[in-house]
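Down below is the structure, laid out as C-alpha cells.
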Amino acid sequence: MSPSEIQRSLFERNPPKPHRGLDVLAHGILGWYKGGRWARRRLVGVASAIAVQREEFETLSDHDLNVLLASLRQGRRRAPDGWQKVRVKGLAALAVAAQRELGLRCYEVQLMAAAALVEGYFTEVDTGEGKTLAIGIAAGFLGWSGLPCHVLTANDYLAKRDATQLARFYHRIGLKAGYVLGDQDENARREGYACHVTYSTAKEVAADYLRDRLHTSASLVSPKLLSLTTDTPQTQAPVQRGLFNALIDEADHALIDEAVTPMIISREQDAAAISEAANAAWELVKGLEKGPDYRVDLETRKIELLPQGIQRIREGLALSQAGLWASDRRRLELVSLGLEAREFFLRDAQYVVDEDKVVIVDPGTGRPMPMRTWRQGLHQIIEAKEGLPISGPSETLARISFQAFFRKYQSLAGASGTLREAAAEIWQTYRAPLVSIPRHLPSQRYHAGVRFYPSRQLRDEALLHEVKYRHARGQPLLIGCRTVESSEQAAQFIQREGFVAHQVLNALRHREEAILVALAGEEGQVTIATGMAGRGTDIRLGEGVAQLGGLHVISTEANESSRVDRQLFGRSARQGDPGSMIAFYEVDDAVFKRFIPGLVHRVWRRTFELRLKVISQVMGSLLLWWVHRTAHRLSVRQRRQVMLAEQEIRRSLGFTMGRRGKYFSHK
Amino acid sequence: MSAPPPTFDESWHRVMPLRARLRPGVEVHAQRFRGQRWYVIRDGLSGKFFRVRPEAYQFICEMERAQSVGEAWESCLEHDVDHAPGQGEVVHLLSQLHRNGLLRSDREGDAEGLAEVFAKEKQSEVVQRWSSLLFFRLPLWCPDAFLRSTAWIGTFLFSRWGAMVWLALVIWGASELVTNWNAFATDTSGLLGMANLGWLYLIMGVIKVLHEMGHGYACRKLGGEVPEMGVMLLLFTPLPYVDASSSTAFRNKWDRILVGAAGMLVETGLAGLAAVVWAYTSAGTLHMLAANAVIAASVVTLLFNANPLLRYDGYHMLSDWLEVPNLQARAAQMMQHLVDSHLFGLKQSRNPAETRKEAVMLVAYWLASWVYRLTITLGILFLISQQYLGFGILLAVVFGFMWVLLPLLKNILYLMTSPKLERCRFRACGVSAALVGGVLAFLWLVPFPNHFRADGVVRAEPFARVYTAVEGRMKKLVVPSGTYVTAGTLLVELVNEEQLFDQMNLEGEMANAEAQSRLALEEDPVRYTSMKTYFEALEIRRKRLKADMQALRILAPCSGLWLAPDLSQRQGTTMSRGLELGVVQSSEAFSISAVVRQDDVSRLFTREQVRGTEVRVVGQEGSVLGVTTFAAIPAEREALPSAALGIAGGGKVGVHSHQPGQDRKLPGPGMVDSENGKATYATEPIFEIRADLRPDPAVKLLHGQRIVARMTLEPAPLGTQWWRLLQQTFQRTYKL
C-alpha cells in the first residue's frame, strides 16, 4: 500500500473540543434551533418532494432505472460534497430500487428519515416504523460517494440480518454490502470493510480501529505525520478504510448507554502468576465477615477494610511472599478486590457462567459479552469465586471509549426509537442535531399503565393474574425482567403455577435467540426475557394474533433508564399492529431503593400499609419519573466526566503519542 | 485512611512500551523536608521545580537504565517490592513530568497538546499578574553575568570577614542611635512629610537595589542562577526584585534561608552604616539622607520583608525553616481538605499534611495570613480613600471583586459543579447554606447588648466655692480638708493685723468722739449735732470693719464636704482678696452632665429606649456608678458643660474660641464654666444628658471630674449595629 492509501485508510477526524462554560449554553441554543420544528418542517417538505419524484421514477422500466441509478451514482462519486443537489432525485431512485428489489414501499416518513440521515441528523423514529429500510436507503446514498459507509447495529445478529436482507437492494444500486461480525477472521473483516456499505457493530468497528493502529507500528499515528513519513512504517495493512460515514442504528444505545464502556484490545498474559493470588485471596475472603472485618458502601460501591479485617488479611493470606504480591499494600488491595467480587458482582446479575467461563452481562441489553473482562485481578477473583479455571489477565494494548471513537467519524448520523431524552447530550458531545420523525400510522398501542405493589408476593400474584387472563385470550405475552436471575425466577414461578408453554430468553440461553424471537409472536406464546428482547428485536405477530389484540408486554422490573423501558414496550404494536402493555413494579425494586431517598421510600411504603391506594399509585408514578430523571442526569454527568478525563489523559500523556522517533540510538 | 492507588492502571498500556527519561539539563537534588527525603527536580531552562518522593526517584533512575517504562517498573518491583510505585502512580508521575516539560521519550509526542498547555499557562500567568495588583512584577534584566563577573563581592560578603564587618556596623550604628536617640527622634520626626517623601523614596530605591543584590550574590555564591531582575509594585510603590528561586534546589535548608535573609542582612548592615554616618555628620543633606536611610533600611525591612505573612523574604525563610514548601498553597489546600472532609463529608479527600504538627501549623498560618491580609487590605483602603475618595472607591471595587466576589463565585461554582463533590453535593450545599445562613442569622437576628458612650462631667449638688472676701493672713485652718461641714461652720480663720490696728484706732477715735460729743452737749449744742454725725460715720466704719473682721472667719457657705487640699500648707501666708480657698460640695448628691454628639443623638431620641446608664469616672474605671434619674434634653446646644470635654481640655468634642454670634442661642444657665472662662463652645451641635448618680461610698466623687457614661439601649443584632457604624463612618469621613 502506498503511504497515501494508508493515510486514507487511517483517516479520522480530529474531534472538536468539548465546550465549556457559557459556550455550552450558546451551543445548546443552536442545537435546539437545529433540531426544532423548523428543521422538521423543512424535512417534511424534502420528503414530499422525494415522494413526488418517486412517483415519476416508479414508471421507469427496470433498464431505465438502472441507467438512472448508474448516472446518479457517478454524479455522487464525482462530487461527494454536492449531496444537496441530488438528494431528492437520489433518494427517490433508491426508494424505487428498494421497492423493486425488496418489495417494500417506503412510507413518506421513512423517506423523511432517510433525508435527515443523509444530512447528518439523528432521527427519532418510533419503534417499529421501519428504521432499517430508511437507514439502508441513506447508506446507499452515502455509499454512492465512494467513501466507506459503516452501518452500526446493536448486535451481530442484527448486522448480519440487515446486511443479508438488504443485499439485493445494494446490488441493484451498484454497491457492495458486507458485514463484519465478532467471529470473523482478519481476511473476512478486510473483505467486509472493503464493501461500500459495511454492516457491523460498534464494538467490532472500534476494535478494528484500534487493531489497525496497533499494527501500523505507531499506535495512534496521526494522519498528518504519517503523510510526512517517507518510510512505510506498517507491518500489516489496515483492515478498515477510514472513518468517514457512520449510520448508527439504535443510536442511543451506542452513543449513550455504551458511551463510557471502553473498547479494549488486549493480550492474554500468563495465568500462573495471578491464578495463585486469586485463589488465595478468595479463600481468605470466604472467611471474612461483613461488619467486623469490612464495611460496604453501597452507594459508592466501595469496600472499606476495618482494622480487624486488615489484621486477618495480614495473618491469613496464604500467598508466597514473592513477586508482585509481596507488598503488604498490594495484598490488601487484592483482598479488597475479592470483597468487591463478593459484594458487588453477583452471578446471574452482573455475569453468567457459560462453558466454564465468566461472561459479563451487559446491563443495558442483557446480552452476554464474552469478549469483555473486568479489570485486572477482579475478573480472576470472580473466576476463583465460581471455582473456574483462572484465565490469564489481559494486558491492555490499546483502549478507547465508544464516545471518543464515534467522535472520530467525519460524519455521524443515526436513528433510534428512543432518542429524545438524549438529544441535548448528543448535540453537545457529537455535534449532531436531532429531529423527531412523525409516525406513519397512529399507534395502536394500548398502555395499561404502571402498577405498584408493596411486596414481591403481591406483584407476582398480579402478574400471574394478568398472565392467566391474557393467556386465556390467546394473546402472545412478553414478560420483561431486568436480570438473568430474575428472569429465571419468573420462569420457575410461572412453571409452578402451571404454565408450561413458556420460553425464557436471557444471557444464558442466547443461542436460541433467533428461534425464540420468531416464535414469540405466535398465538398463546409466553416469553420471559431480559433486556435481550428489547432493542432491535422485531417480534412478528403470528396469524390471527392481531385480532386478539397483538403482543402484550408485561414489565416486571423498572429500569434505571426510561429508554430501556420504552424499548421493551416498543416490542409490541409495531408497524401499525395493535399491542398493549402493562407494568408491575415492586416497591423494593433495586432501582427504587437506589435512587429514592430513604425517607421518601419509607413514606411510600407506608402509604401501602395505610391502604391509600390512589396516593400510593400516584406517588409511584411520580417517583418513577423522578428516578428516571435522576438516573439520566447522573449518567449524563458521568459521561461528560469520562470525556473530560479522556481529554485530560490525552493532554497529560501527550508524550506517548506520535510515531516512535529516533531520539535514542537503539542497541 | 484513604486507599492507596491501585496497583494496575487503565492507562498503563500507553506508557508501558515507551522509552522515557528525564530531559538533558534537568538537575535532581536531594533535600530533606521534615525529616523525610525528597528529590527536587529542577529545570534550568524554565526555572521550574518539581518535588518527588524517593520511590518515584528510584523509578526515574530505573527509567534511565531500562529499555521501556514497563521494564523500569518491573525492576523497581524486583528491587523493593514494598515501596515500588503502583502503575497509577507511575502514570501520574510521568504525566506530571511531561507537563512540566521535564520528560523526553522516544515518541514524537503531542506537540499540539504541549503548546496548548503552554499557552494556557502563559495566559493564567498574565491573569495572575494583573489580578494581584499589589504584587505586580515586571522583569527587566538578567543579572547573572554581572553577578558572576563581580563574584568576589559575594565571596567577601558571605564570609567570616563579611559577617564580622556586618556585626561591627550593626553594633556601632545601634550604639550611636541609642546614645543620640533624642536627636535622632527629632531628625526623623518629619520623615513622612511631603518635602521628605521624594528623598525617602530615593533612598529606599537605592537600598532595595542593594537588598536585591544581596539576594543575588548569596544565591550566586551558593551556586544558584539568578536569571531575572526587575521592578515590582509593593503597595503601589515600584521597587526592585530579583528571582533567586534557583536556591530552592539547595540541599541545605540553612543555605536556602541564608539566600532569603541576605537582602535583610544587607539592609541592616546599611542601616548601621547610615546610623554611623548620621552620627558623625552635622546638619545638612547627607545628615538628613542618612537619617532617612536608617529608617528605610530597618523599619521598612522589618515591616515588609521580614513579615512571613506577606510573600516576601520572611515567607520564604519561614517556609524553608519549617520545611514546608509552598506554605501558602498548602495551607489553602489544608483548609480545603478540612472543609471537604469534615463539613462536606467527602471521605476521599486527601490530607495534604503529612503529620499532625504540620496540619496544625498550616491551619495556623492560613488563619494568620488571612486575618493579616484582611486587615492590611482594609487599612490600605481606608488610608487611601481618606485622601482620594474616587481612587479609594475604585480600589474598593477592585478589591471587592478580587477578594470577595471572585472567591465567592469560585466557591459557588465549586459547590455546584465540582465532580469531587458528586456524592456529597447535597450535604455540601446544605452545610454551606447553613453556615452562611447561620452567620447571617447570628448577625441580624441575635440581639446583642447595644450601647453608646458619652463624655461628661460630675456635678455636685449643692456646690460652692469658698473665697477669701478680704485680704488676710491665714491664721488657722479650723476644719481640715475632707471634713463634712454644715452651713456656717467656721472653716478658716484669717488674721489681718492692719484691721486690728484700724479697729484699735477706730475704737480710740470713737471714744474720743464720744467724749467730745458729751462735752458739746453741755457746751455747744450745734457742735453736738455735728459730732453726732461724725460719731455715726465712725459707727458705720466700725460696723464695716467688724464685717471685715467677720469675713476673716471663713464659714462654710453650705453643708457638704469641705475640700481644700493644699490649704494646710499655706498656714501663715497672706492671701489676697478673692482667692479661692477650696470648695464645699455635697458628699452624697451628685449628678452628671454628659454631651452626646449628633451621630448618636438619633439613638437617644428615636425608637430606642435607654435601658440603663452606667457611669465610670475617669481615673477610677474599676467602679461603676448607677444613676437614679435620667433625662436627655431634646435641644441642640453649643456650649459645653465643661471645658474638659472640648478638644482643648482633653476631650473629644471640637471647640472654637470665639463667642457665639448674635444669631446663636445663648448658653443655658450652668452650662458655662464661667470661672475659668475658657472656650467651651462646640464646633458641632451637641445634646446634653443629665442624670443623678446613685451614691457609692467606694467612689470618691468630685465636682468637675470627667466621666464616661455608657447608655445601654434596647439590644440589637450585631449586623444592624455594625451597619450603622459603617454608615456613620462613611458619613463622617466622606461626607456622603
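Here the protein sequences come in this chain order: D and W.
Just so you know, we're using the working numbering here: the first sequence kicks off at 1 and counts up by one.
Just so you know, we're using the working numbering here: the second sequence kicks off at 1 and counts up by one.
Glycine is no exception: its CB is placed at the ideal position from the N, C-alpha and C atoms.
Cutoff 8 Å: residue i Cβ touching any chain W Cβ
i       : result
D231(D) : Low confidence applies to D231(D): its pLDDT is 47, below 50, so where it sits in the model is not reliable, and the reading given next is rough at best. No, no contact with chain W.
T373(D) : no
L228(D) : Because the pLDDT at L228(D) is just 48, under 50, the model does not fix this residue reliably, and the value given afterwards should be weighed accordingly. No, its Cβ sits nowhere closer than 8 Å to a Cβ of chain W.
F655(D) : yes
L669(D) : Residue 669(D) is absent from the model: chain D starts at 1 and stops at 667.
Q376(D) : yes
Extent of the continuous beta strand (DSSP E) to which residue i belongs
i       : result
D112(D) : For clarity, residue 112(D) is Met in the given sequence; the question names Asp instead. No beta strand (DSSP E) holds M112(D); the alpha helix (DSSP H) holding it covers 108-118.
D692(W) : 681-693
Within-8 Å CB hit, residue i to chain D
i       : result
S95(W)  : yes
H451(W) : no
A20(W)  : yes
H29(W)  : no
G438(W) : no
V15(W)  : yes
P24(W)  : no
E10(W)  : yes
G113(W) : yes
L395(W) : no
G224(W) : no
V90(W)  : no
R99(W)  : yes
7 Å Cβ shell around residue i - same chain, five flanking residues per side excluded
i       : result
G216(W) : P143, L147, V226, V242, A244
G162(W) : F156
L443(W) : P717, L718, G719
Distance, residue j Cα to residue i Cα
i       : j       : result
L477(D) : R563(D) : 21 Å
K652(W) : R20(D)  : 59 Å
W208(W) : P240(W) : What sits at residue 208(W) in the sequence shown is Lys, not Trp. For K208(W) and P240(W), the distance between alpha carbons rounds to 6 Å.
F592(D) : D348(D) : 20 Å
W141(W) : F49(W)  : 22 Å
V259(W) : L415(W) : 41 Å
Y170(D) : E250(D) : 21 Å
L210(D) : K203(D) : 11 Å
A206(D) : V180(D) : 12 Å
L490(W) : L545(W) : 19 Å
Spatial neighbours of residue i in its chain, beta-carbon cut-off 6 Å, leaving aside the 5 residues before and after
i       : result
T301(W) : M264, E267
R8(D)   : G242
G542(D) : G521, E522, E523
I494(D) : H502
G654(D) : none
8 Å CB neighbourhood of residue i in its chain, flanking five on each side removed
i       : result
P18(D)  : Q428, T429, R640, M643, L644, Q647
L435(W) : L343
Limits of the alpha helix (DSSP H) - the one that residue i falls within
i       : result
R488(D) : As written in the sequence, residue 488(D) is Glu, which differs from the Arg given in the question. It spans 484-496 - the alpha helix (DSSP H) in which E488(D) sits, taken as one unbroken run.
R73(D)  : 62-78
Check: residue i C-beta below 7 Å from any heavy atom of the ligand GTP
i      : result
R42(W) : Judged by which ligands are present, the structure shown has none, so any question about the ligand GTP falls away.
Is the region 408-419 of chain D close to the region 24-35 of chain D, with three or more CB pairs under 8 Å?
no
Using 8 Å as the cut-off, can you tell me whether the region 559-569 of chain W makes contact with the region 484-498 of chain W, which would need three or more C-beta pairs spanning the two stretches below that distance?
Segments in contact, yes.
Using 8 Å as the threshold, is the region 348-357 of chain D in touch with the region 519-534 of chain D, meaning 3 or more CB pairs across them?
no
Pair every Cβ in the region 273-286 of chain D with every Cβ in the region 438-453 of chain D, then say whether three or more of these pairs are closer than 8 Å.
no
Please confirm if the region 75-83 of chain D is in contact with the region 131-151 of chain D, defined as three or more CB-CB distances below 8 Å between the two stretches.
Using a C-beta cut-off of 8 Å, the region 75-83 of chain D makes contact with the region 131-151 of chain D, since at least three inter-stretch Cβ pairs fall below that distance.
Looking at C-beta atoms only, is the number of pairs between the region 103-123 of chain D and the region 87-95 of chain D that lie closer than 8 Å three or more?
In short, these stretches touch, since the Cβ pair count reaches three.
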